[in-house]
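Q: Below is the structure I would like to discuss, written out as structure tokens.
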Amino acid sequence: LVLRKWCELIPGAEFRCFVKENKLIGISQRDYTQYYGHISTQHEEICRSIQEFFKKHIQYKFLDEDFVFDVYRDSKGKIWLIDFNPFGEVTDSLLFTWEELTSGKNLKEDQGEGEATEQDYPVFRCTNSKVTVQPSPYLSYRLPKDFVDLSTGEDVHKLIDFLKLVRSSEEN
Numbered sequence: 389l390v391l392r393k394w395c396e397l398i399p400g401a402e403f404r405c406f407v408k409e410n411k412l413i414g415i416s417q418r419d420y421t422q423y424y425g426h427i428s429t430q431h432e433e434i435c436r437s438i439q440e441f442f443k444k445h446i447q448y449k450f451l452d453e454d455f456v457f458d459v460y461r462d463s464k465g466k467i468w469l470i471d472f473n474p475f476g477e478v479t480d481s482l483l484f485t486w487e488e489l490t491s492g493k494n495l496k497e498d499q500g501e502g503e504a505t506e507q508d509y510p511v512f513r514c515t516n517s518k519v520t521v522q523p524s525p526y527l528s529y530r531l532p533k534d535f536v537d538l539s540t541g542e543d544v545h546k547l548i549d550f551l552k553l554v555r556s557s558e559e560n
């Protein structure tokens with residue numbers, strides 16, 4: 389059992405960081421279902437501050453060489469560690485694929501001309517515009533409102549109609 393202090397976090401300030409062989413190789417916006425303009429305009433500063441935090445507080449201090457950690461960047465630019473996760477498919481790779489992260493393919497291609505190499509600067513991915521917004525991955529687990537109302541007894545009239553329908557089908 390792990391207890392944590394509760395804080396109201398702004399989803400647009402959360403990032404997932406991928407570490408392979410003790411090197412920070414990728415940073416992804418956690419809430420990729422939304423476009424946050426400040427992330428696009430501040431991505432270099434965000435990436436740099438996360439990289440500095442990683443080098444100062446995490447690198448070579450964690451038992452495993454491959455892991456994932458989540459951070460929060462507050463309005464003053466301070467980085468806060470939220471969580472550690474295993475490096476692998478049990479952890480959501482967000483805007484990366486696990487093939488990219490494990491093999492390194494396509495990560496080098498993300499580095500533009502003049503940028504630092506992938507070895508000393510992580511690849512940063514975010515939703516760049518409203519056009520690239522992704523649907524929530526939890527949408528496929530949702531039920532129609534009628535089903536929820538029936539199962540919870542929220543709408544008595546729907547329940548009565550449903551029971552009448554069941555009864556008439558049994559009689560026929």
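If you're matching positions, the sequence shown starts at 389 in my numbering and goes up one per residue. Cβ atoms here follow ideal geometry from the backbone N, Cα and C, with glycine treated the same way.
(1) Hey, how far is the Cα of F334 from the Cα of Q422?
(2) From what residue to what residue does the alpha helix (DSSP H) around L469 run?
(3) Between Q417, D549, K552, which has its C-alpha nearest I398's C-alpha?
(4) Pull up the DSSP beta-bridge partners for F512, would you.
(5) Where does the unbroken alpha helix (DSSP H) through E432 begin, and where does it stop?
(6) Buried or exposed: which applies to L389, given that a residue is buried once 16 or more other Cβ atoms fall within 10 Å of its Cβ?
(7) To the nearest angstrom, how far is it from the Cα of D419 to the Cα of R555?
(8) Cutting at 8 Å between CB atoms, please list the residues of its own chain near I434, excluding the five before and the five after it.
(9) Relative to the C-alpha of R392, which residue among L469, G476, L412 is closest?
(10) Look at the alpha carbon of S437 and the alpha carbon of A401, and state the distance between them as a whole number of angstroms.
(11) By alpha-carbon positions, which one of G425, G465, L451, Q430 ends up nearest to F441?
(12) With DSSP as the reference, label F408 as helix, strand or coil.
A: If we stick to the structure as given:
(1) Nothing about residue 334 can be reported from this structure: the residues present for the chain run from 389 to 560 only.
(2) Within the sequence shown, the letter at position 81 stands for residue 469. Segment 467–474 is the beta strand (DSSP E) holding L469; no alpha helix (DSSP H) there.
(3) Sequence index remark: in the sequence shown, residue 398 carries index 10 (1-based). That would be Q417, whose Cα lies nearest to the Cα of I398.
(4) Stepping through the sequence shown from its first residue, residue 512 is reached at position 124. Note: F512 sits in a beta bridge opposite I415.
(5) Locating residue 432 in the sequence shown gives position 44, counting from the first residue. Unbroken alpha helix (DSSP H) run through E432: 425–441.
(6) Here residue 389 corresponds to residue number 1 of the sequence shown, with the count starting at 1. Flag for L389 reads exposed.
(7) Here residue 419 refers to the residue found at position 31 of the sequence shown. Here residue 555 refers to the residue found at position 167 of the sequence shown. The straight-line gap from Cα to Cα measures roughly 46 Å.
(8) Position 46 of the sequence shown holds residue 434. Once the five neighbours on either side are set aside, the close Cβ partners of I434 are F403, I415, I427, R461, F512.
(9) As a first step, residue 392 must be located in the sequence shown, where it is residue number 4. From the listed residues L469, G476, L412, the smallest Cα separation to R392 is found for L469.
(10) The count along the sequence shown starts at 1 and reaches residue 437 at position 49. The count along the sequence shown starts at 1 and reaches residue 401 at position 13. Distance between the alpha carbons of S437 and A401 is about 13 Å.
(11) The sequence position of residue 441 within the sequence shown is 53, counting from 1. Taking each of G425, G465, L451, Q430 in turn and checking the Cα distance to F441, the smallest one comes out for G465.
(12) If you number the sequence shown from 1, residue 408 lands on position 20. Phe is not the amino acid found at residue 408; the sequence shown has Lys there. DSSP places K408 in strand when its eight states are reduced to three.
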